[in-house]
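J.: Starting off with a structure, shown below.
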Amino acid sequence: MTPPNGRGLLHLAAAVDQTAAHDDVSVHVELTRLAESGGFDFVTLGDSFARPGFDALAVLARVAPATTRIGLVPTVTTTHTEPFQVQAAVATLDRVSRGRAGWCIDVSTTEGEARLFGRRHAAPVDALWQEAGQAAEVAARLWAGADRADPHPVHHPVRVVDATDRHARTTAARYADVALVQGTNPAQVGAIRAELQAIALAHGRDPDELRVLAALTVDLGDGERAAEPGHGGGGPRQTAQGPLYRGGPVDLAELIAAWHETGAADGFHLTPVEPRRDLERLVNGTAALLQHRGLLRTFYPGSTLREHLGLGRPAHRYAVTGGTS
1 MTPPNGRGLL HLAAAVDQTA AHDDVSVHVE LTRLAESGGF DFVTLGDSFA
51 RPGFDALAVL ARVAPATTRI GLVPTVTTTH TEPFQVQAAV ATLDRVSRGR
101 AGWCIDVSTT EGEARLFGRR HAAPVDALWQ EAGQAAEVAA RLWAGADRAD
151 PHPVHHPVRV VDATDRHART TAARYADVAL VQGTNPAQVG AIRAELQAIA
201 LAHGRDPDEL RVLAALTVDL GDGERAAEPG HGGGGPRQTA QGPLYRGGPV
251 DLAELIAAWH ETGAADGFHL TPVEPRRDLE RLVNGTAALL QHRGLLRTFY
301 PGSTLREHLG LGRPAHRYAV TGGTS
């Protein structure tokens, strides 16, 4: 299906993170099923060595049987972990979800986290992201090898990288299937997208293999209202946590449609300020309006996350033909 603007259908994703006081897995199930009812491509769940709490991979493995189509993307940090262990854990999520797994690749940069693992000092950020890229490469090769030997093969979990930080962009361009990019207007997002595509091309990769999603935090309040000054049609407002949209679901739909029209991004990754309230408004308001305009899917034509994103299987890039180089 081609929408009226001639571009591909929008891709939408949502964060389902909870505060420490609300880390009941049943809430994650509820939120993920709500996002699935709105046709979202995937949900993300953050994780970090720097904070106590649940394990994102384990939570989404429990969410998987309660959902049928939506992608499940936990954050998994490559620093202080072995690549084999990471890929095996993500592959397990892929199997229990039948091809709906993703992996939000992140690094651990603080001295406190390094001390947790007996390291005296944290490595430079550039080195950490280079290490993350190597872990992504190792995982892809192992998944490709498993395809030939496993009667229940891994479906190449989708690799996601937040490419807002310049240090992460080479890793995103070379190894990610989805890059998340923060910006308060289409020009900012489009400029980073162009940079990512140039890096991908320089490393022999087809830039069209990379999906770019604009990342916004959204506060949809308690009712429909015009976007506040500095938000909505004028663009989100920059905050310490990133770009923030504060307004109603109708104006948000207009913003999403307008940004998509420019070609700056393939879609949006939305982080609700109040998960249950804002996600309900996203699904019943914003997503419904985008579906009515023919910009967002009304059903899932496939069953895997790669199919939702229009991505092929990359096994040929990692096929082993007598060596691993």
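Take the sequence shown: its position 307, counting from 1, is numbered 307 in the UniProt record's numbering, and each next residue is one higher.
We put the beta carbon where it would ideally sit given N, CA and C, even for glycine.
1. Check the DSSP bridge columns for Trp103 and list the partner residues they point to.
2. Note the first and the last residue of the continuous beta strand (DSSP E) segment covering Arg246.
3. Where do the ends of the beta strand (DSSP E) carrying Leu282 lie?
4. Is there contact here, the region 38 to 48 with the region 292 to 304, by at least three beta-carbon pairs under 8 Å?
5. Relative to the alpha-carbon of Ala179, which residue among Ile192, Ala66 and Pro186 has its alpha-carbon at the smallest distance?
6. In whole angstroms, what is the alpha-carbon distance linking Thr321 and Phe54?
7. Check whether the Cβ atoms of Leu309 and Ala14 lie closer than 8 Å to each other.
8. Rank His28, Gln85 and Gly242 by C-alpha distance to the C-alpha of Asn185 and give the top, closest one.
9. Arg237 bridges to which residues according to DSSP?
10. Only counting the same chain, and skipping five residues up and downstream in sequence, which positions put a Cβ closer than 6 Å to that of Asp73?
11. Taking only three categories from DSSP, how would you classify Leu34?
12. Taking buried to mean at least 16 other C-beta atoms within 10 Å of its own C-beta, is Asp24 buried or exposed?
13. According to DSSP, is Thr92 helix, strand or coil?
14. Could you give the residue range of the beta strand (DSSP E) that holds Ala215?
15. Measuring only the C-alpha atoms, how far is Ala214 from Ala168?
16. What is the rounded straight-line gap between the Cα of His156 and the Cα of Leu60?
17. Skipping 5 residues on each side, what residues in its chain have a beta carbon closer than 6 Å to that of Leu311?
18. Could you check where the beta strand (DSSP E) with Leu60 kicks off and where it finishes?
19. Ser108: which of His80, Gln130 and Asp94 sits nearest, CA to CA?
20. What is the rounded straight-line gap between the Cα of Val283 and the Cα of Pro275?
21. Do you know offhand how far Arg98's Cα is from Gly145's?
22. Give the C-beta separation of Leu34 and Glu280 to the nearest angstrom, bearing in mind that I take them to be a contact with Cβ-Cβ under 8 Å.
T.: Let me spell this out:
1. Partner(s): Arg159.
2. Its beta strand (DSSP E) spans residues Gly242 to Arg246.
3. Boundaries for Leu282: no beta strand (DSSP E) harbours it, and the DSSP string shows neither H nor E there.
4. Touching, yes, given that three or more Cβ pairs across the two stretches are closer than 8 Å.
5. When each option's Cα is compared against that of Ala179, the closest is Ile192.
6. Confidence at Thr321 is low in this model, with a pLDDT of 40, below 50, so the placement of that residue should be treated as unreliable; the coordinate-derived value is given next. Roughly 40 Å separates the two Cα atoms.
7. For the 8 Å CB-CB criterion, Leu309 and Ala14 do not form a contact.
8. Put simply, of His28, Gln85 and Gly242 the residue whose alpha carbon is nearest the alpha carbon of Asn185 is Gly242.
9. DSSP lists Leu244 as partners of Arg237.
10. What sits at residue 73 in the sequence shown is Val, not Asp. Here Val73 has Phe42, Thr44, Gly102, Cys104 and Val160 as same chain residues with Cβ atoms under 6 Å from its own Cβ, once five neighbours each way along the sequence are excluded.
11. In the structure shown, Leu34 sits in a helix (DSSP, three-state: H, G or I).
12. Asp24 counts as exposed, since fewer than 16 other beta carbons sit within 10 angstroms of its beta carbon.
13. Shown here, Thr92 sits in a helix according to DSSP, grouped into three states.
14. It spans Arg211 to Asp219 - the beta strand (DSSP E) in which Ala215 sits, taken as one unbroken run.
15. If I take the Cα positions, the gap works out to 16 Å.
16. His156 and Leu60 have their alpha carbons spaced roughly 17 Å apart.
17. Same-chain partners within the cutoff: Asp177.
18. Note, Leu60: premise wrong, no beta strand (DSSP E); alpha helix (DSSP H) at Ala56 to Val63.
19. His80 is the residue among His80, Gln130 and Asp94 whose C-alpha sits nearest the C-alpha of Ser108.
20. Between Val283 and Pro275, the C-alpha separation is close to 12 Å.
21. Approximately 18 Å between the Cα atoms of the pair.
22. Leu34 to Glu280, Cβ: 7 Å. Contact.
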